[in-house]
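Novice:
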Amino acid sequence: MQDKKFRNDINGLRAIAVLAVMLFHFIPSSLPGGFAGVDVFFAISGFLMTGIIFRGIESGDFKILQFYKSRATRIVPPLFFLCIILFCFGWFYFLPSDYEYLGKELYKSITFTSNQFYSKSDGYFDSGAYEKWLLHTWSLSIEWQFYIIYPLLIIVLSKIFNISNIKKIIITLSIILFLVNIFYSEKHTNSAYFSLLTRSWEMGFGGIAYFFTLKKWNRTLCNIGIILIIVSFYFYSKNNLWPSYGALLPVTGAFLILISNYRLSILSKSIFFQKIGRWSYSIYLYHWPIAVYLYASPFDSVISSIIGISLSILLGFLSYKYIESGHVNSLIKKRGLISPILMIIAIYCLGKIVVHFDGKNHNQQLSIQYENKFSYPRYCHVDDKNISDSNNYLNCTLGNKNIKPVGLLWGDSYAGHLDPFTNYLLNNKFSFISRNASLCFPSLRANTMLGSPYTKEYCSLIRQQVKNELQNNKYKIVFIAARFDLAKKTYGEEAITSIKEAITFSSQHSELVFVFSQPITYKKPVIKTFLRTQISSIYSNHVMRDDVKTISLNKEIETFIKNSKFKNVYFIKRKYLYGNENGVDFTKSGIPYSYDLGHLNEQGSIEFAKTFKETNEYMLLMNVLNK
């Protein structure tokens with residue numbers, strides 16, 4: 001076994017790990033696999049915890065409460081102060097919906113259960129990750145869960161087996177957990193990243209390293225370990241399954257450095273690495289909120305990222321000096337476990353209070369003012385919120401409600417967001433029926449691909465009703481709209497085929513059919529981007545599209561209509577709605593067209609109608625209406 005003497009090389013290893021993670025988060029292209037730095041941290045934790053536990057058990061003075069106290073007094077105070085800072089910052093600069101989510105993050109992070117919380121939302125590498133200010137605490141949660149279970153396991157085993165056999169059990173268990181991790185990563189891609197089950201082998205391998213003492217090849221193994229870690233930072237990327245078997249490379253690298261105990265490497269001798277390693281925990285804590293802010297700010301450049309890294313290091317240093325090892329730490333140590341426990345309770349209560357009041361904060365009135373104005377139009381749309389009242393929506397009328405309907409608007413929620421568009425065009429002179437429900441894309445199939453479980457029966461009813469009415473030539477005009485990309489993602493190519501069947505059937509039983517292109521799809525809600533800029537200039541109005549699949553499916557539907565040579569079916573391109581083929585994100589008055597990732601808000605839908613009135617297709621529509 002290795003001795004207790006302070007390991008400068010471990011300090012240097014921490015530095016490499018935290019620098020890699022920062023580079024990945026601030027400048028992803030510079031180090032595509034920098035996220036593997038966390039795997040290195042896990043191996044280090046396993047090594048150090050195994051050493052503390054085994055030395056205590058062998059000497060007969062291991063006290064588990066003292067072990068928990070030591071971990072808590074180091075980890076909780078810096079996290080507590082970060083949570084307080086975010087709580088205060090969020091009061092002034094967050095939307096209420098964002099502040100409510102932060103409340104959940106606060107109490108999940110401070111109770112070290114955030115890994116389970118985040119595993120149920122977007123993946124770690126998704127763009128939505130940059131909406132979560134405490135996402136990085138998932139790794140702290142895993143470490144704490146390991147700290148709770150691991151010493152208890154060793155204590156139980158020590159009552160039954162001798163030290164030699166305990167080591168063998170840990171080695172065997174770590175190998176088994178590595179294999180479980182490979183299987184689980186394949187089956188549960190998202191949750192595997194955040195799971196203790198798939199990460200504990202990494203800490204186990206670190207623990208195994210403690211059992212070995214080398215007397216030769218130290219320098220060579222240390223250098224090989226450094227190379228393996230650096231290779232993993234460049235060889236892997238967010239496109240790889242993780243942790244799976246890929247994490248074996250950085251963990252093996254860390255393992256070799258840990259067993260080599262080589263005290264003359266660059267890891268040990270570099271003053272820079274020693275400083276960064278010493279401050280690494282606090283640097284890790286502060287770097288992610290800074291990265292999240294830069295992602296939402298107007299400062300999007302390599303220079304701003306370098307400033308972000310520098311600021312992370314500065315705040316890490318200050319946190320280390322005044323909280324981790326300064327006066328605050330001294331006070332906490334005097335009071336034992338009481339101080340960390342009180343800190344946990346305080347942040348937990350703050351988080352719960354924020355959630356209880358729905359994130360109400362300094363920006364409540366502004367949020368209400370704009371969100372009501374730019375919300376999703378709920379004229380005739382049926383979803384889980386109003387399905388109990390669906391009978392009143394089956395013949396929902398747009399335009400003049402006192403005359404016979406001459407047209408039909410048909411589809412899912414992407415037809416629903418065209419209710420204001422249609423209403424504006426009809427100008428109270430004509431009447432349309434609007435039939436749309438969540439995920440209920442236009443189809444003649446009443447028994448399959450029925451969308452949301454809440455609205456399946458209603459979706460089936462819509463399709464039967466529309467089919468019967470079209471067969472009886474009830475409508476002169478049919479508007480068809482759908483979220484093509486989601487239909488295909490959910491049901492495959494059959495969904496697109498079904499939509500094409502609906503278009504063909506509509507053309508055979510009406511005078512005019514308009515099939516609407518799907519609007520721009522975004523990576524994050526545009527309305528949030530807009531509202532944040534109304535709060536403060538610290539936010540950017542830059543939006544990120546996720547539109548490649550949408551454009552492709554729009555083109556596929558347009559090509560189908562063209563090749564079918566319909567005489568009465570027209571594809572309404574984006575240029576007829578936005579004013580140009582590529583589309584625009586904001587109207588001329590500076591407000592967003594979209595409500596979320598793609599649905600139009602009410603004002604955006606009306607702006608579509610104003611643009612559409614300048615097209616030949618509008619004149620064609622008026623000619624049919626006026627017959």
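In terms of UniProt numbering, the sequence shown opens at residue 1 and continues consecutively.
All residues carry an ideal CB built from backbone N, CA and C; glycine is no exception.
Everything numeric in this text was worked out from a predicted model, so none of it was measured.
1. Assign histidine 381 to one of three DSSP states: helix, strand, or coil.
2. How should serine 164 be labelled, buried or exposed, when 16 other C-beta atoms within 10 angstroms of its C-beta is the threshold for buried?
3. I need the DSSP call for serine 280, collapsed to helix, strand or coil.
4. Going by alpha carbons, who is nearest to tyrosine 210 out of Leu258, Ser431, Ser564 and Gly103?
5. Exposed or buried, which one is glutamate 614 when buried takes at least 16 other CB atoms within 10 Å?
6. In angstroms, rounded to a whole number, what distance separates the CA positions of lysine 215 and leucine 256?
7. Pick out whichever of Cys222, Gly579, Ser282 and Pro243 has its Cα sitting closest to the Cα of leucine 267.
8. Pull up the CB-CB distance for glycine 207 and isoleucine 170, whole angstroms please, since I reckon it's below 8 Å.
9. For arginine 574 versus proline 525, is the C-beta distance shorter than 9 Å?
10. Assuming cysteine 418 and phenylalanine 432 form a contact by the criterion Cβ under 8 Å, report the distance between their Cβ atoms to the nearest whole angstrom.
11. What is the DSSP secondary structure of alanine 437, counted as helix, strand or coil?
12. How many Å lie between histidine 599 and asparagine 473 at the Cα?
13. Could you pull out every residue in the same chain whose Cβ sits closer than 8 Å to the Cβ of leucine 294, ignoring the five residues on either side in sequence?
14. With respect to the alpha helix (DSSP H) encompassing phenylalanine 183, which residues constitute its N-terminal and C-terminal limits?
15. Under 9 Å, do phenylalanine 205 and alanine 254 count as touching if we go by C-beta distance?
16. What does a CB cutoff of less than 8 Å around leucine 152 pick up in its chain, not counting 5 residues either side in sequence?
17. Which ranges would you report for the alpha helix (DSSP H) in the stretch 280 to 316 if only whole runs of at least 4 residues count?
18. By the 10 Å Cβ neighbour count, where 16 or more other Cβ atoms means buried, how is methionine 449 classified, buried or exposed?
19. Should cysteine 380 be labelled buried (16 or more other beta-carbon atoms within 10 Å of its own) or exposed?
20. From this set, Ile110, Ile290 and Lys467, which residue's C-alpha is nearest tryptophan 144's C-alpha?
21. Hey, how far is the Cα of glycine 277 from the Cα of serine 70?
22. Just confirm the distance between the C-beta atoms of serine 270 and glycine 12, as a whole number of angstroms; I'd bet it's less than 8 Å.
23. By alpha-carbon positions, which one of Lys489, Val543, Val466 and Ser537 ends up nearest to phenylalanine 505?
24. Given this structure, state the Cα-to-Cα distance separating serine 536 from isoleucine 84, to the nearest angstrom.
25. For histidine 136, count neighbouring C-beta atoms within 10 Å of its own C-beta (all shown protein chains included) and say buried if the count is 16 or more, exposed if not.
26. Phenylalanine 430 and isoleucine 403 - do their beta-carbons sit closer together than 9 Å?
27. Let's see if you can read the secondary structure: which residues bound the beta strand (DSSP E) around isoleucine 480?
28. Could you pull the start and end residues of the alpha helix (DSSP H) that threonine 50 belongs to?
29. CA-CA distance, tyrosine 284 and serine 438?
30. Can you give me the start and stop residues for the alpha helix (DSSP H) that phenylalanine 233 sits inside?
31. For the beta strand (DSSP E) holding valine 513, just list the boundary residues, first then last.
32. If you count every other CB in all the chains shown that lies within 10 Å of the CB of arginine 219, and 16 or more means buried, which is it?
33. Please confirm whether tyrosine 376 and serine 413 have their CB atoms less than 9 Å apart.
34. CA-CA distance, serine 45 and methionine 203?
35. Is the beta carbon of phenylalanine 516 less than 9 Å from the beta carbon of isoleucine 462?
36. Could you check if isoleucine 229 is buried or exposed, using at least 16 other CB atoms within 10 Å of its CB as the buried criterion?
Specialist: Working from what's here:
1. strand
2. exposed
3. helix
4. Leu258
5. So glutamate 614 ends up on the exposed side.
6. 13 Å
7. Considering only alpha carbons, the answer is Cys222.
8. 6 Å
9. It is not a contact, given that the beta carbons lie outside the stated cut-off.
10. The question names cysteine, but residue 418 is leucine in the sequence shown. In fact, because the Cβ distance is near 10 Å, the residues do not count as touching under 8 Å.
11. Strand.
12. 30 Å
13. Phe26, Asp300, Ser304, Ser305 and Gly308
14. Unbroken alpha helix (DSSP H) run through phenylalanine 183: 163 to 187.
15. yes
16. Hits under 8 Å: Ile64.
17. The stretch 280 to 316 contains these whole alpha helix (DSSP H) runs: 280 to 296.
18. Taking all protein chains in view, the Cβ of methionine 449 is crowded by 16 or more other Cβ atoms within 10 Å, so the residue is classified as buried.
19. buried
20. Ile110
21. 19 Å
22. 6 Å
23. Val466
24. 21 Å
25. Of the other Cβ atoms in all chains shown, 16 or more fall within 10 Å of the Cβ of histidine 136; this residue is therefore buried.
26. yes
27. Unbroken beta strand (DSSP E) run through isoleucine 480: 477 to 481.
28. 37 to 59
29. 42 Å
30. 218 to 235
31. Where valine 513 is concerned, the enclosing beta strand (DSSP E) stretches over 512 to 516.
32. exposed
33. In this structure, serine 413 lies closer than 9 Å to tyrosine 376 by Cβ.
34. Between serine 45 and methionine 203, the C-alpha separation is close to 6 Å.
35. no
36. buried
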